[in-house]
Amino acid sequence: EGADGWQLSNPPILAMAPIRAALALFDAATMPALRAKSLALTGYLEAMVRAHLDAHIDVVTPADPAQRGCQLSLRVRGGRARGRALFEHLATHGVLGDWREPDVIRISPAPLYNRFTDVLAFTREALRWARSA
Numbered sequence: 018e019g020a021d022g023w024q025l026s027n028p029p030i031l032a033m034a035p036i037r038a039a040l041a042l043f044d045a046a047t048m049p050a051l052r053a054k055s056l057a058l059t060g061y062l063e064a065m066v067r068a069h070l071d072a073h074i075d076v077v078t079p080a081d082p083a084q085r086g087c088q089l090s091l092r093v094r095g096g097r098a099r100g101r102a103l104f105e106h107l108a109t110h111g112v113l114g115d116w117r118e119p120d121v122i123r124i125s126p127a128p129l130y131n132r133f134t135d136v137l138a139f140t141r142e143a144l145r146w147a148r149s150a
């Protein structure tokens, strides 16, 4: 009854296999190494947005890396419709982010999974959209 009904005495083996594999990867990559890569990836993303997309996108996340994680919140100039159009363009071209009403796109290069080429792909697709919009 209630939450007690979801308790298990033994976790299912098939559910544990991917968790074990993920934890092995996480253990191999130390927290200091992950944080260093996170700082580098997000710094690269911020630099690319400011250098190439500054006429179209405002970074609303604090610039100080000590005040943020790996996510940047981006606001497309020109309002919600333009922001949503960019978000949908990115998704159509394999660049996944998160949409927050009323007009914010969140991009989060995760250090365990993403590469610098993923940040470059975001930049290229956002530029392609900006040139056609």
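Numbering (the numbering used here), first residue to last: 18 to 150. Ideal Cβ placement from N, Cα and C applies to all residues, glycine included.
Secondary structure note for residue 92: its beta strand (DSSP E) is the uninterrupted segment 89-93. For residue 66, the secondary structure class from DSSP, reduced to helix, strand or coil, is helix. With fewer than 16 other CB atoms across the displayed protein chains lying within 10 angstroms of its CB, residue 105 is exposed. When the Cα atoms are used, residue 33 and residue 39 turn out to be separated by approximately 10 Å.
At a Cβ-Cβ threshold of 8 Å, residue 144 and residue 122 do not count as neighbours.
In this structure, residue 54 and residue 128 form a Cβ contact; the two beta carbons are roughly 4 Å apart against a cut-off of 8 Å. Nearest neighbour of residue 103 by Cα position, chosen from 63, 147, 26, turns out to be 147. Only residues of its own chain outside the window of five on either side were considered, and among them 58, 61, 62, 65, 126 have a CB closer than 8 Å to the CB of residue 136, listed in chain order. Here the alpha carbon of residue 73 sits roughly 37 Å from the alpha carbon of residue 42. Annotation for residue 82: 56 place their beta carbon closer than 6 Å to its own, counting only its chain and skipping 5 residues before and after.
Under the three-state reduction of DSSP output, residue 135 falls in the helix class.
Across the structure, residue 31 and residue 85 are spaced so that their CA atoms are roughly 36 Å apart.
In the DSSP assignment, the residues bridged to residue 75 are 92.
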